[in-house]
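So the structure is just underneath, and the comments pick up after that.
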Amino acid sequence: GGDSPGCVSCGLPALDKEAEDRLMIEVAKQQILSKLHLKERPNITHTIPRVALLTALRKLQAGRVSNTIPTKDHGYEIVSFAETEERGIAPNASLGLTFQFLQEHGQNIQVLQSSLWVYARSSGLDPHRIRAQVFLSGLPGDSNRTLLVEKTLDIQESNWHTFTITRPLQAFLDREHSHLHLEVSCREDGGENLCSLQGSSSSSSSGDNPHHQPFLVAKVRQHDDQSKHSLRKR
Amino acid sequence: SLRCGDDVTVCCKRDFYIKFKDIQWQDWIIAPEGYHMNYCMGQCPQHLSGSPGIASSFHATVFSQLKINGINTAVTSCCVPTERRPLSMMYFNSQHNIVKMDVPDMIVDSCGCT
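Quick look at the structure:
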């Protein structure tokens, strides 16, 4: 107010509309980046196949994860797409998955729930049961691996299956590694791996199949440091 | 809460919307398409202090005590947000993971005088 135009408190002259909009856009950018705990906007070097993105978002929206944990506790959800490779020699090859988690380093992340989504093909036989195993493995070429999850899948038709990996993911994030290497094997009595991406009817020439790219969904919350240092009355 | 027009006098909410496509951010922000960075502006003369509905703030309580006791101070009332809501965002981070987050207190819905 008052009769002198411009900022009363800082004394700067009034901005023209265009300069004001530019300033507001910069303010908005800074506000969004700071609220997302980002120093700068992420640099997107390659696009996720749209079909893989839609599948993951559909699973996210289907409420398997989001409805089970309320998001009011400043939790957020992460969907991480796997880089896939075949580990070993067919028919004994298993599906190698590599996930990246750099952003979460040093952030005291608590994993509230996490699922691995893998697509298992039907072998075309009548409904049958197969044994599915998920291993934590070392770097490619390192044969050491630890069994994380094992369960029996009823295969009626080719479909998605989930494996709960909440604790393994928490242990991995606590160790502050950047790449999580998993191996998945879905076999019926030593047969071929029905969870591998090879050989599915709609795989692309490179062998990877965007329709069925495995992904990991995690519901996480950032620990607040206060709780760590809270003083308790005895 | 008043919505600001072109000529701003008393405390009101100014709507300001940014489309992510306009600032080339649509490649990493999946949803929403833009951001309502509304803000509060305008004067809060003394007779408007505490309106509408902000008396619960500490500042307003102190201010009204001063007024009730006729203590004439240079304290002025400010035009601030009275209602805010979160912004649900889904974006790619630098590892091309999708992050889905409810960012609290991102959208100003209404303004008032302290």
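Protein chains in written order, with the numbering used here: chain A, 1 to 234; chain B, 235 to 348.
Glycine included, each C-beta is placed from N, C-alpha and C at the ideal position.
Every beta strand (DSSP E) of 3 residues or more that sits fully in the stretch 94–163 of chain A is shown, in chain order, as 94–100, 109–120, 128–137 and 145–155.
Separation of the CB atoms of residue 25/A and residue 257/B is rounded to 6 Å, and the pair is thereby assigned contact status at 8 Å. Look at residue 57/A here: in three-state DSSP terms it is helix. The straight-line gap separating the alpha-carbon atoms of residue 165/A and residue 267/B is approximately 33 Å.
Counting only the Cα atoms, residue 135/A lies some 14 Å from residue 88/A. The C-beta of residue 328/B comes closer than 8 Å to at least one C-beta of chain A. Contact of residue 271/B with chain A by beta-carbon distance below 8 Å involves 24, 27, 28 and 31.
Against residue 102/A, the close residues of chain B are 328 and 329, in the order they occur along the chain (beta-carbon pairs closer than 8 Å). Judged by DSSP in its simplified three-state form, residue 321/B adopts strand.
Boundaries of the alpha helix (DSSP H) harbouring residue 172/A: 166–174, taken from the DSSP string.
None of the residues of the stretch 155–185 of chain A has a beta carbon lying less than 7 Å from any beta carbon of chain B. Here the alpha carbon of residue 275/B sits roughly 38 Å from the alpha carbon of residue 108/A. If you draw a 10 Å sphere on the C-beta of residue 238/B, you find 16 or more other C-beta atoms in it, and that means buried. For residue 32/A, no beta strand (DSSP E) segment is defined; the enclosing uninterrupted segment is the alpha helix (DSSP H) at 17–35. In the DSSP assignment, residue 338/B falls within the beta strand (DSSP E) that extends over 332–347. Within chain A, the C-beta atoms nearer than 7 Å to that of residue 334/B come from 60, 76 and 77, in chain order.
In the DSSP secondary-structure assignment, residue 39/A is not bridged to any residue. In this model, residue 167/A and residue 84/A are separated by some 22 Å (Cα to Cα). In its chain, beyond the 5 residues on either side, 254 have a beta carbon closer than 7 Å to the beta carbon of residue 260/B. Using a 10 angstroms sphere on the CB of residue 310/B, the tally of other CB atoms stays under 16, which defines it as exposed. Cβ contact annotation for residue 329/B (same chain, cutoff 8 Å, sequence separation greater than five): none. Taking C-beta separations shorter than 6 Å and ignoring five residues to either side along the sequence, the partners of residue 158/A in its chain run 121 and 122, following chain order.
For residue 48/A, no beta strand (DSSP E) encloses it, and the DSSP letter there is neither H nor E. When only Cα atoms are considered, residue 82/A and residue 112/A end up about 20 Å apart. Residue pairing of residue 81/A in beta bridges, as defined by DSSP: 215/A.
Residue 75/A counts as buried, since at least 16 other C-beta atoms from the protein chains shown sit within 10 angstroms of its C-beta. By the beta-carbon neighbour count (other beta carbons within 10 angstroms, threshold 16), residue 8/A is exposed.
In its chain, beyond the 5 residues on either side, no residue has a beta carbon closer than 8 Å to the beta carbon of residue 30/A. For residue 182/A, the enclosing beta strand (DSSP E) begins and ends at 179–187. Assigned with DSSP and collapsed to three states, residue 299/B falls in helix.
In the DSSP secondary-structure assignment, residue 264/B is not bridged to any residue. By the Cβ criterion, the stretch 180–194 of chain A is not in contact with the stretch 54–61 of chain A, since fewer than three pairs of Cβ atoms, one from each stretch, lie closer than 8 Å. Within chain B, the C-beta atoms nearer than 9 Å to that of residue 36/A come from 323, 325, 327, 333, 335 and 337, in chain order. By the neighbour-count definition (other C-beta atoms within 10 Å, threshold 16), residue 155/A is a buried residue. In its own chain, leaving out the 5 sequence neighbours on each side, no residue places its CB closer than 8 Å to the CB of residue 142/A.
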